[in-house]
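Peer 1: Structure in structure tokens, see below.
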Amino acid sequence: MGMNALDAAGGHGSLPVYRYLVEEVKMDVGNPDTAQGFTPLEYAVQNGHLPAIRYLVDHGADLHQERSTLTLLHTAAVHGRSEIVKFLLSKGADVDALSDAGTPLTLASLRGHASILKILLQHNADPNKGNGVFVPLDVALNKSFVSCVKLLVQGGTNVNGDNPLAKAAEKGLTEAIKCLVEAGANPNVIDRFGRLPIELAAEYGTREDVEILFPFTSPISTVANWTVDGIIKHVEMEIKQLEDGSFVKKMSDLKQQGDEAFKKQDY
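Quick look at the structure:
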């Protein structure tokens with residue numbers, strides 16, 4: 002046992018097959034398969050068959066069904082099904098439905114579906130609603146989807162949430178840094194390791210990233226030459242000192258192991 006005929010039709014979006022199975026054979030449009038428990042409507046949404054979705058809904062399929070807290074809108078969003086997202090919203094789907102994986106906006110951000118973000122934001126999706134771990138902006142930055150970052154900022158996301166500017170700087174996302182700074186992100190907030198965005202930009206990004214952040218960043222007391230060049234040089238020296246420190250420690254550990262082996266004559 003597994004996928005029934007109606008579920009298989011959902012995967013292919015065949016309207017003649019639907020009509021035969023529903024109108025002639027009288028199959029239940031809400032009947033899930035026995036393999037994964039997916040309904041014909043879920044298969045149709047996953048595979049992007051809007052005419053099939055319309056047909057199933059017209060014949061009684063439940064538009065508000067959920068699977069493990071995921072709604073059909075979540076499914077359409079994560080698969081990048083723009084027209085289906087529009088259709089579901091027109092039928093009253095909850096634009097901010099919260100699942101264990103976040104909102105539809107979160108899942109669209111996860112996959113970099115900018116077109117889906119536009120639609121959801123146009124329907125007043127809340128860009129600051131998350132699952133307690135991530136909000137859409139965090140996801141877009143983690144995946145380096147700059148177009149999604151820009152849309153979320155335009156849509157009113159909190160640019161001073163979980164230090165998004167530090168994330169953008171650490172990933173060297175120049176356009177995201179510009180966008181966040183212009184939207185009022187605070188460049189003087191340290192990350193969990195005590196580093197400012199400008200320091201992260203000097204280490205992981207480009208000179209341009211440092212130049213963008215420089216006019217908005219308060220001077221760091223440990224940086225003697227508070228210029229773009231001075232910051233970059235300071236960070237380079239810190240990295241070198243850390244690397245040298247690791248090398249010295251490694252050599253010290255090897256010497257200690259050698260001394261112990263000599264004492265034991267284990268060499």
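Mapping of the sequence shown onto our numbering: residues 2 to 268, in sequence order.
Glycine is no exception: its CB is placed at the ideal position from the N, C-alpha and C atoms.
The structure displayed is predicted, hence computed values, not measured ones.
Do Leu142 and Ala102 have their C-beta atoms closer together than 7 Å?
Peer 2: Taking the first residue of the sequence shown as 1, we reach residue 142 at position 141. Taking the first residue of the sequence shown as 1, we reach residue 102 at position 101. Not a contact, by the Cβ cut-off of 7 Å.
Peer 1: Let me know the alpha helix (DSSP H) ranges lying completely inside the segment 133-166, each 4 residues or longer, listed in chain order.
Peer 2: 137-143, 147-155
Peer 1: Put Arg82 into one of helix, strand or coil per three-state DSSP.
Peer 2: For the purposes of this step, residue 82 is taken as residue 81 along the sequence shown, with counting starting at 1. Coil.
Peer 1: Could you check what DSSP says for Thr72 in three-state terms: helix, strand or coil?
Peer 2: Taking the sequence shown and counting its residues from 1, the one referred to as residue 72 is at position 71. Strand.
Peer 1: Checking 7 Å against the spacing of the C-beta atoms, do Pro165 and Leu153 come in under that value?
Peer 2: Within the sequence shown, numbered from 1, the residue matching residue 165 stands at position 164. Within the sequence shown, numbered from 1, the residue matching residue 153 stands at position 152. Not a contact, by the Cβ cut-off of 7 Å.
Peer 1: Answer yes or no: the CB of Leu152 versus the heavy atoms of the ligand PLP, is any distance below 6 Å?
Peer 2: For the structure depicted, the ligand PLP is absent and the ligand set is empty, with no information on it obtainable.
Peer 1: Exposed or buried, what is Thr40 when buried is set at 16 or more other beta-carbons lying within 10 Å of its beta-carbon?
Peer 2: The residue you call residue 40 lines up with position 39 of the sequence shown. It is buried - the Cβ of Thr40 has at least 16 other Cβ atoms within 10 Å.
Peer 1: Suppose you measure from the CA of Val23 to the CA of Leu90; what does that come to, to the nearest Å?
Peer 2: Mapped onto the sequence shown, residue 23 falls at position 22. Mapped onto the sequence shown, residue 90 falls at position 89. Each residue's alpha carbon lies about 25 Å from the other.
Peer 1: What would DSSP say about Gly103, mapped onto helix, strand or coil?
Peer 2: Residue numbering aside, residue 103 sits at position 102 when the sequence shown is read from its first letter. Here Gly103 sits in strand by DSSP.
Peer 1: Find the nearest neighbour of Arg82 within the set Val236, His114, Asn32, judged by alpha-carbon distance.
Peer 2: Sequence index remark: in the sequence shown, residue 82 carries index 81 (1-based). Of the listed residues, the one whose Cα sits closest to Arg82 is His114.
Peer 1: Output the boundary residues of the alpha helix (DSSP H) element that contains Tyr56.
Peer 2: Here residue 56 is taken as the residue at index 55 of the sequence shown, counted from 1. Run containing Tyr56: 51-59, per the alpha helix (DSSP H) assignment.
Peer 1: Rounded to whole angstroms, what's the CA-CA distance from Arg20 to Gln66? Just pull it up for me.
Peer 2: Walking along the sequence shown from the start, residue 20 turns up at place 19. Walking along the sequence shown from the start, residue 66 turns up at place 65. Arg20 and Gln66: Cα-Cα distance of roughly 22 Å.
Peer 1: Nearest by alpha-carbon distance to Gly49: which of Phe135, Val86, Val26, Gln37 is it?
Peer 2: Position 48 of the sequence shown, counting from 1, holds the residue named residue 49. The candidate whose alpha carbon is nearest that of Gly49 is Val86.
Peer 1: Would you tell me roughly how many angstroms separate the C-alpha atoms of Gly3 and Gly38, rounded to the nearest one?
Peer 2: Residue numbering aside, residue 3 sits at position 2 when the sequence shown is read from its first letter. Residue numbering aside, residue 38 sits at position 37 when the sequence shown is read from its first letter. Here the model assigns Gly3 a pLDDT of 47, short of 50, so the residue's position is not dependable and the matter cannot be decided.
Peer 1: On a Cα-Cα basis, can you pick out the residue from Gln47, Tyr205, Val229 that is closest to Arg68?
Peer 2: Taking the first residue of the sequence shown as position 1, residue 68 is located at position 67. Measuring from the Cα of Arg68, the nearest candidate turns out to be Gln47.
Peer 1: Alpha carbon to alpha carbon, what distance is there between Thr218 and Pro105?
Peer 2: Within the sequence shown, residue 105 is the residue found at index 104, counting from 1. Within the sequence shown, residue 218 is the residue found at index 217, counting from 1. Pro105 and Thr218: Cα-Cα distance of roughly 35 Å.
Peer 1: Apply the 10 Å Cβ neighbour rule to Phe146 and answer buried if 16 or more other Cβ atoms are within range, or exposed otherwise.
Peer 2: Translated into positions along the sequence shown, residue 146 becomes position 145. Per the 10 Å Cβ criterion, buried.
Peer 1: Within this structure, are the beta carbons of Gly61 and Val30 separated by less than 7 Å?
Peer 2: Taking the sequence shown and counting its residues from 1, the one referred to as residue 61 is at position 60. Taking the sequence shown and counting its residues from 1, the one referred to as residue 30 is at position 29. Yes, they are a contact pair.
Peer 1: So, are the CB atoms of Asp163 and Asp192 less than 7 Å apart?
Peer 2: Here residue 163 refers to the residue found at position 162 of the sequence shown. Here residue 192 refers to the residue found at position 191 of the sequence shown. Asp163 is not a Cβ neighbour of Asp192, given a cutoff of 7 Å.
Peer 1: Whose CA, out of Glu43, Leu57, Ala45, Tyr44, lies closest to the CA of Met28?
Peer 2: Position 27 of the sequence shown, counted from the start, is the residue given in the question as residue 28. Residue Leu57 is the option with its Cα nearest to Met28.
Peer 1: State the Cα-Cα distance for the pair Gly195 and Ile221, rounded to the nearest angstrom.
Peer 2: As a first step, residue 195 must be located in the sequence shown, where it is residue number 194. As a first step, residue 221 must be located in the sequence shown, where it is residue number 220. One C-alpha to the other measures close to 12 Å.
Peer 1: Does the beta-carbon of Asp210 have 16 or more other beta-carbons within 10 angstroms, so that it is buried, or is it exposed?
Peer 2: As a first step, residue 210 must be located in the sequence shown, where it is residue number 209. Buried, because 16 or more other Cβ atoms sit within 10 Å of the Cβ of Asp210.
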